[in-house]
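Here the structure is laid out as structure tokens; the discussion comes afterwards.
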Amino acid sequence: MIIFAVKKRFRLTPLFLTLIAFFALVTNASASDHEAPVVRPATDFPAVETHPDEHVSIAADPYNTPEKCEIFRVDYLKYGFMPIRLIVTNNGDKPISLVDARIHFISRDGDKIPAAKSDDIVRASTFDSKAGRTIPLPAPLPSIHGKAKTSTKNIEADFATFEYAALAVEPHTTRAGFLFYDVNGLQDPLKGAHLYLRMLHSADGKDLFYFEIPLDKAVSLPKVEKRPED
Numbered sequence: 005m006i007i008f009a010v011k012k013r014f015r016l017t018p019l020f021l022t023l024i025a026f027f028a029l030v031t032n033a034s035a036s037d038h039e040a041p042v043v044r045p046a047t048d049f050p051a052v053e054t055h056p057d058e059h060v061s062i063a064a065d066p067y068n069t070p071e072k073c074e075i076f077r078v079d080y081l082k083y084g085f086m087p088i089r090l091i092v093t094n095n096g097d098k099p100i101s102l103v104d105a106r107i108h109f110i111s112r113d114g115d116k117i118p119a120a121k122s123d124d125i126v127r128a129s130t131f132d133s134k135a136g137r138t139i140p141l142p143a144p145l146p147s148i149h150g151k152a153k154t155s156t157k158n159i160e161a162d163f164a165t166f167e168y169a170a171l172a173v174e175p176h177t178t179r180a181g182f183l184f185y186d187v188n189g190l191q192d193p194l195k196g197a198h199l200y201l202r203m204l205h206s207a208d209g210k211d212l213f214y215f216e217i218p219l220d221k222a223v224s225l226p227k228v229e230k231r232p233e234d
């Protein structure tokens with residue numbers, strides 16, 4: 005009787021199988037949280053500039069709220085970095101090249117800010133904090149190594165998943181990805197700012213006219229606090 009009861013307890017009933025399927029869906033949803041957004045044409049975004057003669061539209065979509073930034077593994081706004089999604093739509097019949105492109109965030113005061121590298125964010129989020137410091141102690145005691153606040157692996161994973169990496173945009177194609185800009189301490193960084201792109205080339209090597217995308221057409225960002233200091 006005992007053996008029979010045990011077997012019956014673990015029988016795969018329809019309800020049990022349903023529960024397994026439910027938890028599998030929840031697990032898969034959790035694992036897919038950090039995915040790039042669906043790519044849409046640049047003209048679908050409010051902050052966009054179109055060059056009709058060149059058949060190119062480029063948009064900038066700032067990820068300026070905690071809700072939008074939930075797709076990332078790291079809270080970049082906390083450390084003064086704003087992710088901006090770059091969307092490039094080529095409606096022409098020839099590819100365009102971004103191999104030599106220069107893409108800067110220009111503040112309302114004229115500050116020219118280049119896109120940050122993953123190492124820049126690692127330094128700002130880890131080594132500028134007390135948590136990432138090494139505290140020396142008198143010999144023979146070993147030094148105390150603080151635990152870093154932000155995982156370097158998470159930053160590298162975000163860059164691998166989200167960073168804009170397309171060196172060319174094929175005809176009738178849209179490419180998109182993120183660039184990260186250090187706006188630490190700027191008041192309302194989107195107000196009066198723009199994304200400035202130059203040195204884009206057509207297939208025959210001709211320079212495209214520069215793009216100047218007004219970021220204040222996008223949703224305004226509240227004050228960005230300075231990154232944690234020592």
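Under the numbering used here, think of the first position of the sequence shown as 5, with each following residue one higher. Yeah, the Cβ is synthetic: ideal placement off N, Cα and C, and Gly gets one too.
query                                                                                                                 : result
Length-filtered (3 minimum) beta strand (DSSP E) runs lying within the region 149-209                                 : 177-186, 198-202
Status (buried if at least 16 other CB within 10 Å, exposed otherwise) for E74                                        : exposed
Run of the beta strand (DSSP E) containing S1, from where it starts to where it stops                                 : Past the edges of the chain, shown from 5 to 234, lies residue 1, and the structure says nothing about it.
Stretch-stretch touch, CB-based, cutoff 8 Å, three pairs: the region 48-55 with the region 204-220                    : yes
Neighbourhood of Y301 by C-beta distance below 6 Å, restricted to the same chain and skipping five residues each side : With the chain covering only 5 through 234, there is no way to say anything about residue 301.
Reduced DSSP secondary structure (H/G/I, E/B, other) of L90                                                           : strand
Counted within 10 angstroms of its Cβ, other Cβ atoms place V30 as buried (16 or more) or exposed                     : With a pLDDT of 42 at V30, under the threshold of 50, the predicted position of this residue should be treated as unreliable, though the coordinate-derived value follows. So V30 ends up on the exposed side.
Counted within 10 angstroms of its Cβ, other Cβ atoms place L219 as buried (16 or more) or exposed                    : buried
Segment limits, alpha helix (DSSP H) that includes I125                                                               : 122-126
Through-space distance from S155 to E39, alpha-carbon basis                                                           : 18 Å
Coarse secondary structure for T69, derived from DSSP in three states                                                 : coil
Where the beta strand (DSSP E) containing F109 begins and where it ends                                               : 106-110
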